[in-house]
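K.L.:
Quick one: structure below, then a few questions.
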Amino acid sequence: MGKIKTKRHHKKVGKAPGSMIYTGHKSSKKLFIEAFDYNVERCIEKELNNVEEIFQINLSNSITWINLNGLNHVTEIEKLGKHFNLHPLVLEDIVSISQRPKIDEHEDYLFVVLKMLYNDKDDNIVSEQVSFILGTNYVLTFQESEGDVFDTVRERIRHGKGRVRTMKSDYLLYILMDAVVDHYFTIIETIGDKIEVFETDIFSGNVEKSINKDIQDLKREILRMRRAIFPLREVINRIEKHESELIQPKTKAFYRDIYDHLIQVSENLDIYREMIWSLMDMYMTSISNKMNEVMKVLTIMASIFIPLTFIAGIYGMNFDYIPELHYKHSYFILWGVMIVLFLGMLHYFKRKKWL
Amino acid sequence: MGKIKTKRHHKKVGKAPGSMIYTGHKSSKKLFIEAFDYNVERCIEKELNNVEEIFQINLSNSITWINLNGLNHVTEIEKLGKHFNLHPLVLEDIVSISQRPKIDEHEDYLFVVLKMLYNDKDDNIVSEQVSFILGTNYVLTFQESEGDVFDTVRERIRHGKGRVRTMKSDYLLYILMDAVVDHYFTIIETIGDKIEVFETDIFSGNVEKSINKDIQDLKREILRMRRAIFPLREVINRIEKHESELIQPKTKAFYRDIYDHLIQVSENLDIYREMIWSLMDMYMTSISNKMNEVMKVLTIMASIFIPLTFIAGIYGMNFDYIPELHYKHSYFILWGVMIVLFLGMLHYFKRKKWL
Amino acid sequence: MGKIKTKRHHKKVGKAPGSMIYTGHKSSKKLFIEAFDYNVERCIEKELNNVEEIFQINLSNSITWINLNGLNHVTEIEKLGKHFNLHPLVLEDIVSISQRPKIDEHEDYLFVVLKMLYNDKDDNIVSEQVSFILGTNYVLTFQESEGDVFDTVRERIRHGKGRVRTMKSDYLLYILMDAVVDHYFTIIETIGDKIEVFETDIFSGNVEKSINKDIQDLKREILRMRRAIFPLREVINRIEKHESELIQPKTKAFYRDIYDHLIQVSENLDIYREMIWSLMDMYMTSISNKMNEVMKVLTIMASIFIPLTFIAGIYGMNFDYIPELHYKHSYFILWGVMIVLFLGMLHYFKRKKWL
Amino acid sequence: MGKIKTKRHHKKVGKAPGSMIYTGHKSSKKLFIEAFDYNVERCIEKELNNVEEIFQINLSNSITWINLNGLNHVTEIEKLGKHFNLHPLVLEDIVSISQRPKIDEHEDYLFVVLKMLYNDKDDNIVSEQVSFILGTNYVLTFQESEGDVFDTVRERIRHGKGRVRTMKSDYLLYILMDAVVDHYFTIIETIGDKIEVFETDIFSGNVEKSINKDIQDLKREILRMRRAIFPLREVINRIEKHESELIQPKTKAFYRDIYDHLIQVSENLDIYREMIWSLMDMYMTSISNKMNEVMKVLTIMASIFIPLTFIAGIYGMNFDYIPELHYKHSYFILWGVMIVLFLGMLHYFKRKKWL
Amino acid sequence: MGKIKTKRHHKKVGKAPGSMIYTGHKSSKKLFIEAFDYNVERCIEKELNNVEEIFQINLSNSITWINLNGLNHVTEIEKLGKHFNLHPLVLEDIVSISQRPKIDEHEDYLFVVLKMLYNDKDDNIVSEQVSFILGTNYVLTFQESEGDVFDTVRERIRHGKGRVRTMKSDYLLYILMDAVVDHYFTIIETIGDKIEVFETDIFSGNVEKSINKDIQDLKREILRMRRAIFPLREVINRIEKHESELIQPKTKAFYRDIYDHLIQVSENLDIYREMIWSLMDMYMTSISNKMNEVMKVLTIMASIFIPLTFIAGIYGMNFDYIPELHYKHSYFILWGVMIVLFLGMLHYFKRKKWL
């Protein structure tokens with residue numbers, strides 16, 4: 389999931405366009421379908437075992453939300469598609485999980501694809517494709533696997549919290565998408581936290597190779613998130629401007645709200661991106677500073693002891709006639725000279741602020 | 389306040405849209421409401437204890453400015469909202485303090501959100517969200533806490549300075565926003581001063597690690613200011629182009645003036661941003677120069693004394709037959725040779741401009 | 389092929405505009421023409437030896453695809469051009485293989501040029517120009533040499549798989565172009581794999597010069613791919629918006645699908661481009677880290693042994709009176725002192741995390 | 389003048405909008421007003437002592453140019469403003485010298501602000517704000533101090549050179565602005581010369597710290613010039629498109645000419661900007677090269693003499709039995725070995741091109 | 389020529405606008421005029437000595453191309469301008485050779501300026517300004533000196549090759565401009581070749597200072613070419629969209645062809661620009677790698693011989709009691725120890741891949 393999406397496309401090269409091929413990794417997942425059917429007065433919640441059961445739901449007088457998990461069940465999805473009269477390319481897009489967020493406006497339904505982002509147990513960012521079909525009184529959602537960010541939506545439908553039960557399907561689509569976008573903020577925070585950790589690390593002088601790799605990985609993660617989030621703004625924009633009975637004028641203000649949130653997320657992402665560049669700068673500077681420190685130690689040691697060793701070498705020479713060798717105190721005088729030299733050096737390096 | 393805004397959003401993930409939740413840190417602030425009611429002839433200034441008192445103010449024949457401090461008092465704000473017939477999403481935005489500057493045009497009022505920036509006691513840049521509601525003859529302002537940049541506005545209303553008492557509510561909104569934008573210049577100056585200090589520091593050879601961190605922090609501060617200021621230009625632009633009785637044609641020139649100021653602030657911010665990049669360049673160069681200096685000291689010391697030590701080593705050898713050892717003056721001749729070598733080296737390094 | 393295209397233009401400088409000159413390297417290729425003529429009921433597939441045979445094909449009641457390999461056969465192509473009434477500049481563009489992707493809308497045909505990308509045996513990316521002429525019931529394709537990415541298309545026409553036999557020539561053009569774009573994904577994957585290899589290499593400390601060169605080469609390859617792919621988006625866009633009987637409204641959705649794929653490929657390319665920048669960063673950092681390591685070894689060795697050597701030098705001096713020399717255990721004491729110094733140094737470097 | 393403009397804004401924070409406050413440094417300048425009144429037949433030139441004298445000039449049948457120096461004389465300017473019926477915000481902008489170039493189109497006059505750039509005695513770039521009011525038969529100009537770039541204009545009016553005396557006030561405005569823009573080229577040249585000097589310096593190995601600072605200063609100067617020049621293009625553009633009797637169709641071609649010049653200046657600025665980046669690159673590279681050189685000297689010295697010293701050390705050992713010590717020629721043989729080693733080393737370094 | 393253009397503008401600062409001043413360096417060039425007068429049936433080619441001869445050419449029933457070399461002959465050009473009724477600003481632009489490519493649409497003629505680029509004998513890129521006047525049945529061209537890229541055009545007119553003799557003056561302008569643009573490809577190739585040479589140089593480890601300078605020079609050359617080529621696209625675009633009898637609809641396709649070529653040249657320029665950045669990267673890396681190599685040699689030499697020297701120093705001490713000194717084989721044992729140490733070190737460095 390948290391991997392570059394293109395890989396998956398491979399399975400399809402050379403296939404006829406419009407052929408439905410699941411391009412994800414979760415081929416063994418069980419099909420799981422849940423249905424909510426509600427209006428102001430009542431709310432029925434069902435777990436279904438196969439798509440045929442869906443066809444028995446009466447779609448008039450109520451709003452129906454059908455949530456299908458398990459994109460590997462291609463034939464089931466195809467049946468569903470036929471029932472709701474979906475275009476073959478739409479069905480192909482639903483099961484091909486490397487779509488970028490987009491909206492396709494069809495005559496009697498809207499098709500929206502977006503990326504749901506959430507943290508898994510190990511705090512890795514997981515990206516999962518969710519497709520929405522918005523009809524006059526139903527919303528279909530398609531997900532790869534069961535975990536999702538819609539629990540608060542379920543809660544609200546069940547207990548009639550807020551406006552949801554009094555509104556049309558376009559409002560249902562809105563709260564579903566809002567739930568997805570709200571979770572982007574959680575992800576943004578995770579990234580912010582990681583950046584802070586890196587910063588503390590680098591500032592405290594940690595210049596291990598792995599940190600470089602980790603920073604680059606984070607940079608890439610941000611790149612991927614941008615890819616998931618930036619086109620979504622255009623999608624929301626087009627929903628807002630969509631002219632048909634599917635989207636009622638009074639819900640458009642709500643979509644505007646999602647749009648504002650997306651702008652906020654995008655801006656934060658871009659700020660984090662700049663921060664990462666700064667991190668790399670700090671890291672490079674940190675390495676250079678470290679090198680400077682190493683060089684100073686070497687220079688100080690060498691500068692102090694090489695001249696002293698030279699002096700010792702002088703009086704280790706075996707010339708027949710070296711007058712100093714025979715004075716009584718010359719050994720101690722020499723020590724004195726050496727200590728003076730040593731202290732002079734120390735003083736010099738201190739003045740240069742190397743010590 | 390001076391922290392990344394997203395953090396605060398967290399509280400709201402999973403909440404129903406349109407639910408009013410205060411997302412700031414100042415939950416214990418007391419509610420403080422002040423009201424100005426004025427026309428050409430008179431000006432009444434009141435401090436109110438609760439929102440109900442507002443409802444008694446007669447809104448005809450005068451311009452009323454109601455300034456509410458304490459966004460944590462959500463229920464009070466809700467009452468106010470109902471009285472002035474504000475949309476639920478507007479109320480949600482007022483108390484959710486991580487909004488980016490924006491304008492929402494409603495049928496009988498304008499809703500404007502912007503960021504007030506000022507320096508606190510420690511010269512840190514503080515950002516506080518201010519929301520404005522512009523009605524036909526009133527302006528409502530909502531702030532998190534009491535301190536603000538509106539004192540000059542109060543003064544002008546009280547004493548009827550300038551045009552304010554002879555103009556409509558759109559002019560009041562203008563002078564309030566103008567006060568906010570005028571303070572951006574003060575902030576810009578603070579940043580300019582900081583950059584100058586960094587520059588002097590780096591140029592005088594200070595390459596401490598902390599300076600790197602500080603520069604990165606400043607860079608981030610500028611990023612945040614951009615986020616507060618850049619969208620505001622669009623807001624002003626839309627006020628200028630707004631077609632309704634709320635904004636009179638003759639006040640539009642004044643909004644144009646704010647727009648010009650914002651362009652100036654933005655340009656300065658971008659210049660400072662480039663300067664920061666230059667600072668980083670200078671810093672990196674400074675480190676490299678320092679390393680160069682260290683290396684030169686090492687090289688000079690080593691290059692001078694290693695050969696001399698070698699010579700001393702030669703005559704410290706214990707061969708039975710080393711003719712030079714037995715000449716009378718060879719010790720002094722050797723000293724001479726060594727001094728010549730030493731001076732030659734010094735000369736060489738001087739010519740290379742290393743000394 | 390995988391070389392910068394401009395080189396080939398050279399042959400033409402100074403030639404009259406509109407003169408057909410083959411600008412590629414494959415001048416000795418044999419002419420190879422294949423023709424598919426099909427409708428819902430039947431499909432005839434022929435291999436032709438010269439262009440005259442084409443003129444005998446009855447173009448009514450069926451869709452005809454004529455695929456010509458061997459752009460060096462300029463006169464044959466000219467004959468074909470005359471038969472199908474093609475503009476001289478179109479013919480010039482077909483044989484001049486350094487075209488960038490473009491579309492020319494003529495009265496009764498569309499002329500599309502694009503770049504076919506595929507991996508050769510050595511996994512190098514090969515770029516070959518393919519030109520398409522879309523007429524009311526025929527498609528002409530022109531390629532430099534025989535290998536191409538159209539095998540799946542041939543298969544589908546032969547066996548009537550999918551929709552192709554029931555649709556018009558605009559659908560044929562679509563599946564041909566789709567085949568080309570689908571192969572872009574394979575190329576994208578190759579690039580992704582290469583980047584991964586580089587990353588592993590650099591991370592494991594390989595900083596050989598050649599890797600720098602290879603990365604730069606890959607960067608250039610991506611630049612070239614961008615040049616092949618980015619203008620194609622505009623081409624598809626114009627096909628979608630093309631208003632004539634050549635492109636039927638119902639096939640436009642399919643072209644939209646290609647467009648989406650192109651956006652995906654473009655985004656991936658841009659991500660890879662950023663990754664390459666990161667790679668270069670990692671590489672530079674890797675070199676600096678390596679240098680740091682080298683310096684540490686030097687500093688440790690020098691800092692430990694230079695002072696010890698100095699001490700040994702002291703007691704190698706030949707002064708008449710050095711009291712320590714005559715104490716019985718002084719040699720062993722000195723060893724002790726030296727070992728203590730040695731261990732102290734080790735401890736110091738360990739505390740500095742240099743060991 | 390050559391300082392960042394924002395600083396001056398400070399004086400105004402908190403003041404009522406529309407209040408005229410001079411924001412420059414030249415508060416003690418004397419007021420100096422000159423007036424040219426001319427038509428095809430005659431030209432009167434006057435020096436005025438106060439603004440009242442202006443009001444006596446008969447504005448019909450001739451073109452009048454009034455040039456006022458001394459923006460600190462706010463009350464005089466206000467009088468002038470009233471006489472010519474100028475908007476309060478216009479007067480505020482005239483004396484507030486931190487305006488960015490702009491045009492305000494009023495009913496019966498045009499207001500243009502731009503930056504005049506010229507070199508002072510020390511070759512520093514000085515920026516001074518000039519405001520223009522274009523009326524039907526007059527042009528007013530407002531400058532901070534006396535020096536300006538309009539001498540050629542004066543000359544042309546006095547002696548009736550060129551078209552000026554036969555044209556309307558819009559042509560006068562044109563030649564005044566043209567004089568300003570022409571001087572931009574001189575400034576551009578100064579910058580080009582500075583860059584050349586830096587380049588020669590760096591190339592000849594000068595890597596003093598001050599050069600880094602100077603380059604950064606130049607970069608900033610270019611940033612400031614961009615700010616003065618780029619918005620001016622939009623100003624000229626709007627003059628060209630202005631639809632009123634103030635700008636006659638036949639003078640528009642002349643404004644187009646200024647526009648072309650501005651594009652040229654802008655492009656040159658951008659090229660110089662890129663050159664400065666290159667300079668920084670060259671500077672960094674220069675430092676690295678210098679370090680390389682230092683390291684080579686150290687490495688050569690150490691690599692040659694450390695092994696030789698080791699050999700000398702060997703035969704300085706006091707073992708009872710070292711056979712070589714007692715051979716007659718061993719001392720000379722050793723010298724031979726050492727010289728061979730020395731030459732071998734030299735050869736090795738030469739082959740590595742370090743010498 | 390290959391120098392920054394602004395320099396030449398200097399001569400004109402302070403001159404009245406519209407005054408014709410030649411701004412180039414070739415003031416001593418002789419005037420050279422050639423005229424081609426042709427229609428389908430005939431072609432007359434003349435060399436003229438003065439502009440007066442031009443006025444005798446009958447301009448009806450044929451297309452006339454007058455090519456004037458020697459922009460320093462300002463008065464002659466002025467005469468010509470009067471004869472063809474050209475605007476003074478056009479004449480000024482013709483002789484002012486620092487124009488950027490542009491088109492001026494006048495009532496009965498088009499004025500086009502562009503830059504002709506070609507390699508001189510030393511393979512330097514030379515840029516020369518060429519101005520075109522397109523009238524209903526004539527084209528005037530103005531060049532600084534005699535050499536140009538129009539020989540193929542002359543050939544085609546003389547021998548009636550291609551379409552030229554059957555077409556109008558707009559086609560003549562097209563083939564002239566096409567000749568200029570075709571030469572851009574040659575220049576592009578020269579640049580490509582230079583980059584390849586630099587690459588080989590750097591890769592083979594050449595890090596001389598001069599290469600840095602040369603790369604920066606090339607970068608600048610590309611910047612200048614961009615300036616010559618990018619605005620030309622806009623010029624061609626406007627010719628294509630020009631609505632008058634001067635440009636016939638059927639020639640517009642040909643201009644479109646030039647446009648495509650310009651896009652290709654521009655793209656190649658941008659790719660080369662990126663390549664130059666890569667070159668700089670490679671150069672920097674190369675320097676760092678070289679430094680690494682130097683450091684390794686130093687570290688290896690020092691790390692091996694400093695400890696050995698220390699050991700030798702130990703046994704050079706003069707303590708009365710050093711037991712090892714008196715063992716018979718200790719000298720040889722010591723050699724053994726040293727050799728083991730030496731080999732151990734070698735092994736260590738080999739394992740670190742430093743050898």
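Chains as they are written, first to last, in this note's numbering: chain A, 389 to 743; chain B, 389 to 743; chain C, 389 to 743; chain D, 389 to 743; chain E, 389 to 743. Every residue gets a Cβ at the ideal spot worked out from N, C-alpha and C, and that includes glycine. On a predicted model such as this, the values are computed, not experimentally measured, just so you know.
Short check: CB of PHE420 of chain A to CB of TRP453 of chain A, under 8 Å?
P.N.:
Your numbering for residue 420 of chain A matches position 32 in the first sequence. Your numbering for residue 453 of chain A matches position 65 in the first sequence. No. Outside cutoff.
K.L.:
For a contact meaning CB atoms closer than 8 Å, what does MET679 of chain D contact in chain B?
P.N.:
On the fourth sequence, residue 679 of chain D is found 291 positions in, with the first residue counted as 1. Neighbours of MET679 of chain D on chain B, chain order: SER676, MET679, ASN680 and MET683.
K.L.:
Suppose you measure from the CA of ILE485 of chain D to the CA of ASN460 of chain D; what does that come to, to the nearest Å?
P.N.:
The residue labelled residue 485 of chain D in the question sits at position 97 within the fourth sequence. The residue labelled residue 460 of chain D in the question sits at position 72 within the fourth sequence. So the two alpha carbons sit approximately 11 Å from each other.
K.L.:
May I ask you to list, following chain order, the residues of the region 701–720 of chain B that have a beta carbon less than 7 Å from some beta carbon of chain D?
P.N.:
The residues in question are GLY701, ILE702, GLY704, MET705, ASN706, PHE707, ASP708, TYR709 and ILE710.
K.L.:
Could you give the residue range of the beta strand (DSSP E) that holds MET504 of chain B?
P.N.:
For the purposes of this step, residue 504 of chain B is taken as residue 116 along the second sequence, with counting starting at 1. Run containing MET504 of chain B: 498–507, per the beta strand (DSSP E) assignment.
K.L.:
Quick check on SER519 of chain B - is its C-beta less than 8 Å from some C-beta in chain D?
P.N.:
Reading the second sequence from its first residue, position 131 is the one you call residue 519 of chain B. It does not: the Cβ of SER519 of chain B has no partner Cβ on chain D nearer than 8 Å.
K.L.:
Under DSSP, the alpha helix (DSSP H) around GLN487 of chain D begins and ends at which residues?
P.N.:
For the purposes of this step, residue 487 of chain D is identified with residue 99 of the fourth sequence, where counting begins at 1. Run containing GLN487 of chain D: none; DSSP gives neither H nor E here.
K.L.:
When you compare only the Cα positions, how much space is there between TYR497 of chain B and PRO489 of chain A?
P.N.:
Position 109 of the second sequence, counting from 1, holds the residue named residue 497 of chain B. Position 101 of the first sequence, counting from 1, holds the residue named residue 489 of chain A. Cα to Cα, the separation comes out at about 35 Å.
K.L.:
ALA690 of chain E CB to nearest chain D CB: under 8 Å?
P.N.:
Residue mapping note: residue 690 of chain E aligns to position 302 of the fifth sequence, counting from 1. Closer than 8 Å to some Cβ of chain D, the Cβ of ALA690 of chain E qualifies, so yes.
K.L.:
Nearest to LEU657 of chain C by alpha carbon, out of C:PHE698, C:LEU456 and C:GLU609?
P.N.:
Your numbering for residue 657 of chain C matches position 269 in the third sequence. The option with the nearest alpha carbon to LEU657 of chain C is C:GLU609.
K.L.:
Would you list the residues sitting across from SER515 of chain E in a DSSP beta bridge?
P.N.:
Looking up residue 515 of chain E in the fifth sequence gives position 127. SER515 of chain E pairs with E:LEU505.
K.L.:
Between the region 580–610 of chain A and chain C, which residues of the former have a C-beta closer than 8 Å to a C-beta of the latter?
P.N.:
Listed in sequence order: VAL595, LYS597, ASN600, LYS601, GLN604, LYS607 and ARG608.
K.L.:
In or out: TYR647 of chain B buried (at least 16 other Cβ within 10 Å) or exposed?
P.N.:
As a first step, residue 647 of chain B must be located in the second sequence, where it is residue number 259. Buried.
K.L.:
So is THR697 of chain A in contact with chain C if we call contact Cβ pairs under 8 Å?
P.N.:
For the purposes of this step, residue 697 of chain A is identified with residue 309 of the first sequence, where counting begins at 1. So yes, THR697 of chain A belongs to the interface.
K.L.:
How big is the Cα-Cα spacing for PRO711 of chain E and ILE702 of chain D?
P.N.:
Reading the fifth sequence from its first residue, position 323 is the one you call residue 711 of chain E. Reading the fourth sequence from its first residue, position 314 is the one you call residue 702 of chain D. Going from the Cα of PRO711 of chain E to the Cα of ILE702 of chain D covers about 18 Å.
K.L.:
Going by DSSP, which residues form a beta bridge with THR529 of chain A?
P.N.:
Counting from 1 along the first sequence, the entry for residue 529 of chain A is found at position 141. According to DSSP, which records beta bridges pairwise, THR529 of chain A is partnered with A:ASN455 and A:PHE520.
K.L.:
By DSSP's criteria, ILE491 of chain E is part of a beta bridge. Which residues make up the other side?
P.N.:
Your numbering for residue 491 of chain E matches position 103 in the fifth sequence. Its beta-bridge partners are E:VAL500.
K.L.:
Give the single residue among B:LEU620, B:LEU667, B:ASP581 and B:PHE472 whose Cα lies nearest to the Cα of VAL527 of chain B.
P.N.:
Locating residue 527 of chain B in the second sequence gives position 139, counting from the first residue. Per the Cα distances, B:PHE472.
K.L.:
Three-state secondary structure (DSSP) at ILE409 of chain A?
P.N.:
Your numbering for residue 409 of chain A matches position 21 in the first sequence. In the structure shown, ILE409 of chain A sits in coil (DSSP, three-state: anything other than H, G, I, E or B).
K.L.:
Are there 16 or more other CB atoms within 10 angstroms of the CB of LYS434 of chain A, so buried, or fewer, so exposed?
P.N.:
In the first sequence, residue 434 of chain A corresponds to position 46, counting from 1. By the neighbour-count rule (16 or more Cβ atoms within 10 Å), LYS434 of chain A is not buried but exposed.
K.L.:
I'd like to know whether the C-beta atoms of SER557 of chain D and THR529 of chain D end up nearer to each other than 8 Å.
P.N.:
Indexing the fourth sequence from 1 puts residue 557 of chain D at position 169. Indexing the fourth sequence from 1 puts residue 529 of chain D at position 141. Going by C-beta atoms, SER557 of chain D is not nearer than 8 Å to THR529 of chain D.
K.L.:
For THR673 of chain D, count the other beta carbons within 10 Å of its own beta carbon; 16 or more makes it buried, fewer makes it exposed. Which is it?
P.N.:
Residue numbering aside, residue 673 of chain D sits at position 285 when the fourth sequence is read from its first letter. It is buried - the Cβ of THR673 of chain D has at least 16 other Cβ atoms within 10 Å.
K.L.:
Along the chain, where does the beta strand (DSSP E) containing PHE693 of chain B start, and where does it finish?
P.N.:
For this step, residue 693 of chain B is matched to residue 305 along the second sequence. Where PHE693 of chain B is concerned, there is no enclosing beta strand (DSSP E), although the alpha helix (DSSP H) it sits in stretches over 637–702.
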